[in-house]
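Structure record follows, encoded as structure tokens.
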């Protein structure tokens, strides 16, 4: 039986697997696919509300699209260019593509079977997804109006002949290919109907007599009214297809104007080569051959699909009108200490450090921190990193307002945030128009650190208030990503934060930092030194332990250091949501290492590291850090990231006794990784959910005058 309770459960017997050389690592790409299988499993999990299961299916499709447009695209490019560089686990690009192809085809078949089950379950809940043959005669007039008023003006049907070449279909583009015959004579017409993304994928019909909600997919609507697009013709055959293209960006190293270079690169992205195409299984052979020839798709890039194409569009079916089929309502808490101070966040910070755990505690506190800074006459300067944020970001609005009110505002905007490049170009120009100084950082390295500093004049001196985060300054994703926000007046951390901003803006490497470790300079070495210290404790006969939580673990040097620590007797427990290249529980290699992945209502995103420091975890003397960095080569070697030591006792206890302990104890939504690279779900009764625990219980550092004593370290009402 798989035991996911790493807090109380015993370690399993190690397994014997031949893992010499590169075999000691799990392939990165296959590990990512294993993560997406776990996401898809939630769509089949009957304990999850039905519409949330539909959401998980849509997420698995969106994830898979990004995987293809970035990771698979990179491997294919390596093959085209004849690059034979092997992965850490010893596979060539071609060998990886072959394994990926087999796994992805199985995954897409599973998506289809999952949708069949979900469709039936939706029908049982009076939510119907209709085909064109299910449409009633009484629906046709309303559908005709919908088509003419809402769809027809946007569509551009294209005949395919020498005068009308095959059009470009962008990445993610969906289209119908049509075989038409003119009524009364023999001429035939082959045509294409690209579907702009502005058109919804599902159209709601009048409710059924029993109150059933009825939806018609767009492709069925188009088939019904094809004669409006091609008068005088009747439909003989058709198929649907969807294209994914290479979406990675290349930017010239010596680009003088980084913004203009990125705008050009974004245009190149839209015209990237086809990486994958999904096409209807029953496509007429002539249409299929035409599409393959004109798009240049290769046989191994073509996936014939029996059923719905484009599961990411299922997000349109997440109906707020059916709250009974969604997660129960949840309102994030406002920290009591902030309320005790009349909403004055600066006053709350002056009392002591404060750690917020999002989304359980409201992200609005982060927004209000900057809004208060903008309006506070004693604030003279604000510095802010922006990697990803929302389109109408209240944080950007606060920064603009602060600049317009005459404060010194510096924003470090990362143009290389994948798929958010265009949005970040827009917000950088908005900030500049308001009078803020916008810095784009390094050309070679992304600035991924999450830092906000506010400098305030107090009693004739300057005081620095600093926010460090593990996640983006994005109010929307903060509602379902689990992340940490540290608010501190610590002078050393404030000085270090200023040095990081100066490093990014002026390229002047700081000679020393008092508390922070930063990538690519000292973060990785600090982690390795922490692991080595635990090895020394173990060799000296003391307790030795490492707890860590992250989204991905693939950096070979760090993995080898963990293997070395395991061999020395250090007990290592890891919560790795996504990619993991480490093989746990292998005799002679990693028998003291356990790895789990938590997949549930919220997306685990916080990065935490704890070193036992001579005692079993959890303990009050442990060395505890929060970070913006996953343990990947790109984060540790080629990005600007932070590793923040936790000094305050209450925050320290909150992280190690609440957050990490609850993640370690979770059994309700945990998958345990074995040495073969397989994830097995914990099963049983009376399961403990860390997400439920955090929703039900206040955190320690935000308790305010009520005190932290009554905040439980680890408990919730068990099922």
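Numbering (the numbering used here), first residue to last: 4 to 722. Here a beta-carbon is modelled for each residue, glycine too, at the ideal position from N, C-alpha and C.
As summarised for the region 204-240, the continuous beta strand (DSSP E) elements at least 3 residues long and confined to that stretch are 205-207 and 216-220, given in chain order.
For residue 97, the uninterrupted alpha helix (DSSP H) segment begins and ends at 96-127. When the alpha-carbon of residue 355 is set against those of 340, 574, 124 and 367, the nearest one is in 340. By the CB criterion at 9 Å, residue 674 and residue 599 fall inside the cutoff. The C-alpha of residue 334 lies about 34 Å from the C-alpha of residue 219. DSSP places residue 492 outside both helix and strand once states are collapsed to three, so it counts as coil. Considering only 281, 49, 223 and 672, the residue with the shortest C-alpha distance to residue 121 is 49. 118 is the residue among 538, 118, 377 and 40 whose C-alpha sits nearest the C-alpha of residue 53.
Judged by beta-carbon spacing, residue 438 lies beyond the 9 Å limit of residue 415, meaning their Cβ atoms are not closer than that value. Closest in alpha carbon position to residue 159, among 172, 147 and 149, is 172.
Spatial neighbours of residue 81 in its own chain (CB-CB distance under 6 Å, excluding positions within 5 residues in sequence) are listed in chain order as 96. Under the three-state reduction of DSSP, residue 599 is assigned to strand. Looking at the DSSP output, residue 372 bridges to nothing. Spanning the alpha carbons of residue 601 and residue 575 requires a straight line of approximately 17 Å. In this structure, the CA atom of residue 538 is about 8 Å from the CA atom of residue 572. In the three-state DSSP reduction, residue 83 falls in the helix class (H, G or I). Annotated as distal: residue 596 and residue 628, with beta-carbon spacing of 9 Å or more.
By alpha-carbon distance to residue 8, the top candidate from 582, 221, 59 and 577 is 577. Put simply, the region 287-304 does not touch the region 16-25. Fewer than three CB pairs are less than 8 Å apart. By the C-beta density criterion, residue 503 is buried, having at least 16 other C-beta atoms within 10 angstroms. For the pair residue 180 and residue 196, the CB atoms are nearer than the 9 Å cut-off. As the crow flies, the alpha-carbon of residue 615 is around 55 Å from that of residue 131. DSSP, read as helix, strand or coil, puts residue 458 in strand. Under the DSSP definition of a beta bridge, residue 196 partners with 179.
Of the residues 90, 702 and 14, the one whose Cα lies closest to the Cα of residue 365 is 702. Ranking 12, 11, 16 and 10 by CA distance to the CA of residue 678 puts 16 first. Taking a C-beta distance under 9 Å as the contact criterion, residue 534 and residue 568 qualify as a contact pair. Contact between the region 315-328 and the region 198-213 is established, with three or more Cβ pairs separated by less than 8 Å. It is roughly 9 Å from the alpha-carbon of residue 426 to the alpha-carbon of residue 393. By DSSP's assignment, residue 167 forms a beta bridge with 164. Comparing C-alpha distances from residue 27 to each of 641, 594, 684 and 609 shows the shortest one belongs to 594.
Sixteen is the threshold: since fewer than 16 other Cβ atoms of the shown chains lie within 10 Å of the Cβ of residue 464, the residue is exposed. Within 10 angstroms of the beta-carbon of residue 139 lie fewer than 16 other beta-carbons, which makes it exposed.
Annotated three-state conformation of residue 695 is helix, per DSSP.
One Cα belongs to residue 107, the other to residue 36, and the distance between them is close to 8 Å. Residues 192 and 194 of the same chain have their beta carbon placed closer than 7 Å to that of residue 162, with the five preceding and five following residues left out of the count.
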